[in-house]
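Each remark here refers to the structure printed beneath this line.
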Amino acid sequence: MDIKGLTDEILAGKRLKRGEDLSFFKDCDLAELRSGADRIRAAYSGDKVDLCSIISGRGGKCGENCKFCAQSAHNHTNCDVFDFKDEDEIVAMARSNQEEGVDRFAIVDSGYGPSDADFEKIIKVVERMHKELKIELCCSLGFMTSEQFHRLHVAGITGIHNNIETSRRFFPHICTTHTFDDKIANIKRAQAEGLAVCSGGIIGMGEDWDDRIDMALTLSELSIKSIPVNSLMPIKGTPLENLPRLSEDDILRTIAIFRFINPEADVRLAGGRALMADNGKCTFSSGASASITGNMLTTSGSTIKQDRAMLAELGRDITPDWERPEEERWDYNFKWKGEAV
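For the sequence shown, our numbering begins at 61 and goes up steadily by one.
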């Protein structure tokens, strides 16, 4: 495959589809693939890097049996277990992240979905943050009804995070307490409400390259515009604890593939950054245009300040969206409101 030629075709409007032979992605020249992915990133995302941060609203005791997760009650880890955090603590974290220049802030909840009582607490704290802060608000709360998505939207949430985790084929090897179709239905409920959906997955769980390509195709078919790519950091006490860690080349190849298949999306560097040199700096020349960041992340060895310094050194635009004039902002579907880049 002529990667440069394919890059030119994608920049001219070609989109890769299910059913095409995409096996060349597995062993084509990595340097050429990364270069092509970076050209696509520059054309569709420009130099802006979208930074998001999270707070764990409630931790542990999750009834789902996801094999990668420290918080699953089915696994035997020493994760922190706590009930829903105090409202003031969540608001303070969001305010701090805003002051450090983060674009968006998300509340993450452990479990299939929030209890009725926790959901009301979430609505209350979102309404307060929406009133007091400028930072964009997202959440990752598991499975919810259309009515719940609507209430979150009205309260001030613009983005919902819900990973599909892996391919349809491989999903039953990772989780059996809910299905791949449950995930798809939940995403479509959020999209029907007009919420942006951030959805990606985890690589390095024992899947093969075909599974990774299939996951990227599914995300394209769902029109996902923010795609976090996590690299498994095996956790002691989970069924995946003894899996080998991914190589940096495998991570870079995956990110580049996701960019080729989802050229207009924000491909987001997420968990597992410690597996790469310089905390994943090289991914931003391989197709990545966004990142999760934070001062308390277990998935990253860097702080918000360090991430912003790294990106500034690369010449990337780290001005938070909420600081821009209205006409220069990205809308809640992670698309540029102004002229095409």
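Each residue gets a CB set at the ideal place from its N, CA and C atoms; glycine is no exception.
Since we're looking at a predicted model, the values are computed, not measured.
Worksheet item: Does the region 263-283 come close enough to the region 221-228 to have 3 or more Cβ pairs within less than 8 Å?
Response: A contact exists between the region 263-283 and the region 221-228.
Fill in: Sequence-distant residues of the same chain with beta carbon closer than 6 Å to M293, five excluded per side
Counting from 1 along the sequence shown, the entry for residue 293 is found at position 233. When the five nearest sequence neighbours on each side are left out, the beta carbons in the same chain lying within less than 6 Å of the beta carbon of M293 are those of G332, in order along the chain.
Worksheet entry | Three or more C-beta pairs below 8 Å linking the region 250-258 and the region 208-224 | Judged by Cβ distances under 8 Å, the region 250-258 makes contact with the region 208-224, as three or more pairs qualify.
Discussion item. Here's a check: name, in chain order, each residue in its chain whose Cβ is nearer than 7 Å to the Cβ of L90, leaving out the five neighbours to either side.
Written reply: To locate residue 90, count along the sequence shown from 1; it is residue 30. Taking C-beta separations shorter than 7 Å and ignoring five residues to either side along the sequence, the partners of L90 in its chain run D309, L312, R313, following chain order.
Worksheet item: When the Cβ atoms of the region 189-201 are set against those of the region 215-222, are three or more pairs found closer than 8 Å?
Response: They touch, by the three-pair rule.
Worksheet item: Can you name the residues that DSSP bridges to G219?
Response: Position 159 of the sequence shown, counted from the start, is the residue given in the question as residue 219. C198, A256.
Worksheet entry | Residue environment, G379, which counts as buried when at least 16 other CB atoms sit within 10 Å | Here the question's residue 379 lines up with position 319 in the sequence shown. It is Thr, not Gly, that sits at residue 379 in the sequence shown. Its Cβ having fewer than 16 others within 10 Å, T379 is exposed.
Discussion item. Using only the alpha-carbon positions, how far apart do E383 and I195 sit?
Written reply: Within the sequence shown, numbered from 1, the residue matching residue 383 stands at position 323. Within the sequence shown, numbered from 1, the residue matching residue 195 stands at position 135. If I take the Cα positions, the gap works out to 9 Å.
Discussion item. In this structure, how does DSSP classify E399 when only helix, strand and coil are distinguished?
Written reply: Counting from 1 along the sequence shown, the entry for residue 399 is found at position 339. Bear in mind that the predicted position of E399 carries a pLDDT of just 35, short of 50, making it too unreliable to give a figure here.
Fill in: Within-8 Å CB hit, K243 to chain D
In the displayed structure, chain D is absent; only one protein chain is listed.
Practice prompt. Between the Cα of H136 and those of T298, A330, P385, R319, spot the shortest distance and give me the residue it belongs to.
Written response: Working through the sequence shown from its first residue, we reach residue 136 at position 76. Ranked by Cα distance from H136, the options T298, A330, P385, R319 are led by T298.
Worksheet item: Based on the DSSP secondary-structure assignment, which residues constitute the bridge partners of F142?
Response: Position 82 of the sequence shown, counted from the first residue, corresponds to residue 142. Per the DSSP secondary-structure output, F142 pairs in a beta bridge with G119.
Item to complete: Return yes when the Cβ of R118 is within less than 8 Å of the Cβ of D176, no when it is not.
Response: Counted from its first residue, the sequence shown places residue 176 at position 116. Counted from its first residue, the sequence shown places residue 118 at position 58. No, the pair does not count as a contact, with Cβ atoms beyond the cut-off.
Practice prompt. Would you give the residue range spanned by the beta strand (DSSP E) that P99 belongs to?
Written response: Counting from 1 along the sequence shown, the entry for residue 99 is found at position 39. The amino acid occupying residue 99 in the given sequence is Arg; Pro does not appear at that position. Here R99 belongs to no beta strand (DSSP E); instead the alpha helix (DSSP H) covers 90-105.
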